[in-house]
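Enquirer: Take a look at the following structure, please.
Numbering (the numbering used here), first residue to last: -10 to 836.
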């Protein structure tokens, strides 16, 4: 734990659970009313932000220098410096200027992308209720400091290591630290200093979350000084590599192999042919830079940030940019029906006794159980309170056993005119498990066993009508101020509570749109199979086989994996079984998204390829998810999937463009350098070519995308990219050598040769963008206006360059119009051939 300094003394707090709360408050120089805002700000500067990653966001200077971290760029800069002192200072200065301009472009774009993402993440950041200046206020979890007093409730993430000051039926899930799957009850108190972490019931740990109840706690340690922070430092916690990141890495390896072979081969042969060593070295390095998609990191950041901004306009906030690819690749979406497929506003249909008649007594007891409930806000209790209100001035709450996902019951001890009544409501089977008797409408009692058949029949009848049915029970208690789970025995079953959540009006259309996008919707719900089947029919879902939780319990992992593809409706599912279903789907080869908003959805969100939550979700669910919907609506999700696929498609476009033009041009120049007695382009001209051809591609994020690229899930395919690179690189090289042949036959000067080759290279590389950006015909796929404008702007600049005053600085000479016309003819032939090659390629190679 962190050390707290007060009045020049350092007080160790690594055993805070063994120190009384009053003493701990004094050590941290704080009162129960909390810190003053000014003091909190001072401590924030002193202890740092409350996050596991202690690295500060990169400043502008660091971000700028990061553009030059490529080993090839560093070697090139070193060689340029060497050339500056030993060779041609003007050439060295020009090369350096071109590299700096390229770096500035990348810096400018990445800075804008980083700023946009920061603003988006602020929308869905976790906030904590904390006492500041004597009043409760909400602050970002990162702003917490030692000494803060925070207020916790069910569903909330514990944002720091804390000492409990007060608690009420507080149960915390500590599985992330201790591996214990059941929630641990937490209470204030003092423990021995040597108490094991899992036994420190008066302490709360960063990264765990509240299952039920509430508490007031004192923040003792933040950030990397927490137990979870120290664990992350020891094992170097890192998020698993996504398929998109893996694809980028493998693509980088492919280019590295080709680059290294080219550099070594070209340098060795040019030296063997007795060309200048330094020129040959710079030429080889410039070729390597030309082959490498130098702006790929920036282009990826721009594309993903641009996509994230577009998705935000569709009310979808992306927390982890790399997850956009998974979002677009998703072909199975698992979701609960409540609030997503239905209105999410639960309505109470009525309260009924054993005979199926409306009962005022059942309704009154249900109202008492709900109106005094303090565990966490939920739509069931809200529906009961809204359905009918009673006069409860003679009633008083004495104690509460909060709802949890294992008991599936909520119990309250109520005093009513001197009579203590324990009232329990919850899932019917779990309530019946606590009962020994059944009370009829006339007050007569029956053994639970004799009424079981009648109860189950009522339950089936209600379920077939699509109602969610809860049970209600009670028992009289002796005078006592505290109750626990052991008191939930020997109760009397009183009746049924019926609820319904109507399907959304446009849900059937939304499900159809998902299906058209190649995404299969699978419903995972805790409702019984009869209710689930009825609601599914109302939603217009086709009738499929239903798999229930008890059936899943009996199945092996392999059997479940073989079954899940054919099942679209999972009913009566326990929280831990959601994770099993997700894992089985992934093993079956699907890219799985899971949409959840509750405490019991966390494990499934972790297991899914893409975890999706909503802004109104429990903190722990929102924190776990990679994507957060600002509205709990599948329609929003549909738009998000489309935007995700557009983003991924535009990223791949840059890869196709860079590999087809760069590889062909650099391969051609490498070959020409071996045949010609001079270098076909000087190093500075190669770098200028690379800069000019990269400039239009920085607008690719705003390009239009063909409908077929959005209609189905797409995945990174490195083999396809390799085939694409070789095919179109060969086509490019064919016309490059045609250009070389033309210039050789015309017997132009060396300067004119380089000028002509430069013009042909840049113009063809700029225009080929319009061919390779789509698998459709050039005339059928309209490019974005920014890409179109930037491309033609670069063409104009390129054609004008040899006729400007700076032409001689980069070694260019004006060309006669006849030669320009011949070069234009070669470019047109190249584009026509590339268009034909594209259609043949896509017929032979499946994407």
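C-beta atoms are modelled at their ideal positions from N, C-alpha and C, and glycine is treated no differently.
What you are looking at is a predicted structure, and each value in this text was computed from that prediction instead of being measured.
For residue 253, is the classification buried or exposed, using 16 other Cβ atoms within 10 angstroms of its Cβ as the cut-off for buried?
Expert: By 1-based counting over the chain shown, the position of residue 253 is 264. Per the 10 Å Cβ criterion, exposed.
Enquirer: So, helix, strand or coil for residue 488, using DSSP?
Expert: Taking the chain shown and counting its residues from 1, one reaches residue 488 at position 499. The answer is strand: DSSP assigns residue 488 an E or B state.
Enquirer: What residues match up with residue 153 in a beta bridge as DSSP calls it?
Expert: Mapped onto the chain shown, residue 153 falls at position 164. BP columns for residue 153 point to 206.
Enquirer: Please report how far the alpha carbon of residue 331 lies from the alpha carbon of residue 179, in whole angstroms.
Expert: Numbered from its first residue, the chain shown carries residue 331 at position 342. Numbered from its first residue, the chain shown carries residue 179 at position 190. One C-alpha to the other measures close to 47 angstroms.
Enquirer: Any beta-carbon of chain D closer than 7 angstroms to the one on residue 664?
Expert: This model lacks chain D altogether; it includes just one protein chain.
Enquirer: Based on Cα-Cα distance, which residue from 621, 595, 624, 622 lies nearest to residue 610?
Expert: Start at 1 with the first residue of the chain shown, and residue 610 comes out as number 621. Per the Cα distances, 595.
Enquirer: Quick one: give me the first and last residue of the beta strand (DSSP E) that residue 436 is part of.
Expert: Looking up residue 436 in the chain shown gives position 447. Here the beta strand (DSSP E) through residue 436 covers 434 to 436.
Enquirer: In this structure, does DSSP put residue -2 in helix, strand or coil?
Expert: Mapped onto the chain shown, residue -2 falls at position 9. Its pLDDT being 37, under 50, residue -2 is placed unreliably in this model, and the value from its coordinates should be taken loosely. Per DSSP, reduced to three states, the secondary structure at residue -2 is strand.
Enquirer: Near residue 833, which residues of its chain fall below 8 angstroms by C-beta distance, leaving aside the five closest residues on each side in sequence?
Expert: Along the chain shown, read from residue 1 onward, the residue named residue 833 stands at position 844. Closer than 8 angstroms at Cβ, skipping near neighbours: no residue.
Enquirer: Give the list of continuous alpha helix (DSSP H) stretches no shorter than 4 residues that lie fully inside the segment 652 to 705.
Expert: Contiguous alpha helix (DSSP H) elements confined to the segment 652 to 705 occur at 652 to 664, 672 to 686, 696 to 700, taking only those with 4 or more residues.
Enquirer: Can you say whether residue 6 is buried or exposed, counting buried as having 16 or more other CB atoms within 10 angstroms of its CB?
Expert: Counting from one through the chain shown, the residue named residue 6 turns up at place 17. Residue 6 comes out buried.
Enquirer: Measuring CB to CB, does residue 744 end up less than 7 angstroms from residue 802?
Expert: As a working note, residue 744 is residue 755 in the chain shown. As a working note, residue 802 is residue 813 in the chain shown. Yes.
Enquirer: If you run the structure through DSSP and keep just helix, strand and coil, what is residue 213?
Expert: Within the chain shown, residue 213 is the residue found at index 224, counting from 1. DSSP places residue 213 in helix when its eight states are reduced to three.
Enquirer: Taking the beta carbon of residue 733 as the centre, do at least 16 other beta carbons fall within 10 Å, making it buried, or is it exposed?
Expert: For the purposes of this step, residue 733 is taken as the residue at position 744 of the chain shown. Result: exposed.
Enquirer: Under 6 angstroms Cβ to Cβ from residue 309, same chain only, skipping five residues before and after it: list those, please.
Expert: Along the chain shown, one-based indexing puts residue 309 at 320. If we look at residue 309 and ignore the five residues flanking it on each side, its Cβ neighbours are 615.
Enquirer: In chain order, what residues of the same chain lie with their CB nearer than 8 angstroms to the CB of residue 837, ignoring the 5 residues before and after it?
Expert: Any question about residue 837 goes unanswered here, given that the chain covers just -10 to 836.
Enquirer: Out of 671, 486, 41, 714, which one is the CA nearest neighbour of residue 649?
Expert: Here residue 649 refers to the residue found at position 660 of the chain shown. Of the candidates 671, 486, 41, 714, the one whose C-alpha sits nearest the C-alpha of residue 649 is 714.
Enquirer: Find the nearest neighbour of residue 737 within the set 718, 188, 809, judged by alpha-carbon distance.
Expert: Your numbering for residue 737 matches position 748 in the chain shown. Closest by alpha carbon: 809.
Enquirer: Can you name, in chain order, every residue of its own chain whose Cβ lies under 8 angstroms from the Cβ of residue 699, other than the five neighbours on each side?
Expert: For the purposes of this step, residue 699 is taken as the residue at position 710 of the chain shown. Excluding residues within five positions, the ones whose Cβ falls inside 8 angstroms are 506, 631, 634, 635, 638.
Enquirer: Could you pull out every residue in the same chain whose Cβ sits closer than 6 angstroms to the Cβ of residue 598, ignoring the five residues on either side in sequence?
Expert: Along the chain shown, one-based indexing puts residue 598 at 609. Excluding sequence neighbours, residue 598 sits near 315, 580, 581.
Enquirer: Give the single residue among 82, 675, 542 whose Cα lies nearest to the Cα of residue 746.
Expert: For the purposes of this step, residue 746 is identified with residue 757 of the chain shown, where counting begins at 1. The residue with the shortest Cα to Cα distance from residue 746 is 675.
Enquirer: I want to know whether the segment 467 to 478 touches the segment 537 to 553 - three or more CB-CB distances under 8 angstroms.
Expert: no
Enquirer: Use the C-beta contact count for residue 265: other C-beta atoms within 10 angstroms, 16 or more gives buried, fewer gives exposed.
Expert: On the chain shown, residue 265 is found 276 positions in, with the first residue counted as 1. Its Cβ having fewer than 16 others within 10 Å, residue 265 is exposed.
Enquirer: Is it right to say residue 292 is buried, meaning 16 or more other beta carbons lie within 10 angstroms of its own, or is it exposed?
Expert: For the purposes of this step, residue 292 is taken as the residue at position 303 of the chain shown. By the 10 Å Cβ count, residue 292 comes out buried.
Enquirer: Should residue 300 be labelled buried (16 or more other beta-carbon atoms within 10 Å of its own) or exposed?
Expert: Stepping through the chain shown from its first residue, residue 300 is reached at position 311. Label assigned to residue 300: buried.
Enquirer: Between the alpha carbons of residue 31 and residue 128, how many angstroms are there, rounded?
Expert: The residue given as residue 31 occupies position 42 in the chain shown. The residue given as residue 128 occupies position 139 in the chain shown. Distance between the alpha carbons of residue 31 and residue 128: 15 angstroms.
Enquirer: Do the CB positions of residue 41 and residue 135 come within less than 7 angstroms of each other?
Expert: In the chain shown, counting from the first residue as 1, residue 41 sits at position 52. In the chain shown, counting from the first residue as 1, residue 135 sits at position 146. Result no, Cβ atoms of residue 41 and residue 135 do not sit closer than 7 angstroms.
Enquirer: Any idea if residue 393 is buried or exposed, counting beta-carbon neighbours within 10 angstroms, 16 or more meaning buried?
Expert: In the chain shown, the residue the question calls residue 393 occupies position 404. By the neighbour-count rule (16 or more Cβ atoms within 10 Å), residue 393 is buried.
Enquirer: Are the segment 334 to 354 and the segment 710 to 726 in contact at 8 angstroms, needing three or more beta carbon pairs?
Expert: no
Enquirer: At what residues does the beta strand (DSSP E) containing residue 415 begin and finish?
Expert: Here residue 415 refers to the residue found at position 426 of the chain shown. Element bounds for residue 415: 408 to 416.
Enquirer: Which same chain residues end up closer than 8 angstroms to residue 25 when comparing Cβ atoms and leaving out the 5 residues on each side of it in sequence?
Expert: As a position in the chain shown, residue 25 is number 36, starting the count at 1. Answer for residue 25: 121, 122, listed in chain order.
Enquirer: DSSP three-state call for residue 38: helix, strand or coil?
Expert: Counting from one through the chain shown, the residue named residue 38 turns up at place 49. Reduced to three states, the DSSP call for residue 38 is coil.
Enquirer: Restricting to runs no shorter than 3 residues, where is the beta strand (DSSP E) found entirely within the segment 484 to 555?
Expert: 509 to 513, 534 to 537
Enquirer: Looking at residue 160: is its Cβ nearer than 7 angstroms to the Cβ of residue 201?
Expert: Here residue 160 corresponds to residue number 171 of the chain shown, with the count starting at 1. Here residue 201 corresponds to residue number 212 of the chain shown, with the count starting at 1. Residue 201 sits close to residue 160, with the two beta carbons spaced by under 7 angstroms.
Enquirer: The alpha helix (DSSP H) that contains residue 134, what's its start and end?
Expert: Mapped onto the chain shown, residue 134 falls at position 145. Per DSSP, residue 134 belongs to no alpha helix (DSSP H) and is neither H nor E.
Enquirer: Whose C-alpha, out of 334, 432, 268, is nearest the C-alpha of residue 372?
Expert: The sequence position of residue 372 within the chain shown is 383, counting from 1. Of the listed residues, the one whose Cα sits closest to residue 372 is 334.
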